[in-house]
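**Q**
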Amino acid sequence: MCLDLLNIAKMPEVRFKGENIKCEKGANLRKVLLENGLSPHNGNSRVVSCFGIGTCGTCAVKLTGTTNPISTKEKIRLSLAPHQLSNGLRLACQVKVTHDLLVEKGDGFWGQHI
Ligand code: FES
111 MCLDLLNIAK
121 MPEVRFKGEN
131 IKCEKGANLR
141 KVLLENGLSP
151 HNGNSRVVSC
161 FGIGTCGTCA
171 VKLTGTTNPI
181 STKEKIRLSL
191 APHQLSNGLR
201 LACQVKVTHD
211 LLVEKGDGFW
221 GQHI
């Protein structure tokens, strides 16, 4: 019981571009990055992004770690060019940080080159 309480209280950590960010369990990954001065978008793609509704694909990132399962909406967007679902990327705006995550961003406007 005490160990369960400790695990619940443990805040997950996001590692991205050399930074380690602790956040609330279940926090939105895109928001966590932006609120900490980081971005899952390359260059000007943030300006023309869908701002987190999961349609533009510019927040695509590679994740290492456990998180919420990919949704149908994500699968659809990540199946459209220039993405390929087989690349295994996720949309940061659709990811809930439930455990420690290593986040990597690829090159290209959409970050599609991992
Ligand atoms: S911000 Fe557009 S898909 Fe994530």
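Be aware that the sequence shown starts at 111, since it is given in our numbering, and climbs by one per residue.
In this text, a Cβ means the ideal position worked out from N, Cα and C, and glycines have one as well.
Taking 7 Å as the cut-off, is the CB of A202 close to at least one heavy atom of ligand 1?
**A** Numbered from its first residue, the sequence shown carries residue 202 at position 92. Flag set: Cβ of A202 near ligand 1.
**Q** Where S155 and A137 are concerned, what is the direct C-alpha to C-alpha distance, given to the nearest angstrom?
**A** Numbered from 1 along the sequence shown, position 45 holds the residue referred to as residue 155. Numbered from 1 along the sequence shown, position 27 holds the residue referred to as residue 137. Distance between the alpha carbons of S155 and A137 is about 22 Å.
**Q** Would you say the beta carbon of G164 comes nearer than 7 Å to a heavy atom of ligand 1?
**A** Looking up residue 164 in the sequence shown gives position 54. Correct: G164 has its Cβ closer than 7 Å to ligand 1.
**Q** Report the three-state DSSP secondary structure of E129 (helix, strand or coil).
**A** Here the question's residue 129 lines up with position 19 in the sequence shown. Note: E129 maps to strand in three-state DSSP.
**Q** So, at 6 Å on beta carbons, what are the nonlocal neighbours of P59 in its own chain, with the 5 sequence-adjacent residues on each side left out?
**A** Because the chain in this structure spans residues 111 to 224, residue 59 falls outside the shown range and cannot be described.
**Q** Going by DSSP in three states, A202 sits in which element: helix, strand or coil?
**A** Taking the sequence shown and counting its residues from 1, the one referred to as residue 202 is at position 92. A202 falls in the helix class under three-state DSSP.
**Q** Could you work out which residue in K215, G216, L195 and T176 is closest to K206 when comparing CA atoms only?
**A** Counting from 1 along the sequence shown, the entry for residue 206 is found at position 96. Comparing Cα-Cα distances from K206 to each of K215, G216, L195 and T176, the minimum goes to T176.
**Q** To which residues of the same chain is Q194 closer than 7 Å at the C-beta, ignoring the five residues directly before and after it?
**A** As a first step, residue 194 is located in the sequence shown; it is residue number 84 there, counting from the start. If we look at Q194 and ignore the five residues flanking it on each side, it has no Cβ neighbours.
**Q** Secondary structure at K215, three-state DSSP: helix, strand or coil?
**A** Taking the sequence shown and counting its residues from 1, the one referred to as residue 215 is at position 105. Coil, per DSSP.
**Q** Which ranges does the beta strand (DSSP E) cover as unbroken runs of at least 3 residues, wholly within the segment 129-168, from first to last along the chain?
**A** Listed in chain order, they are 129-132.
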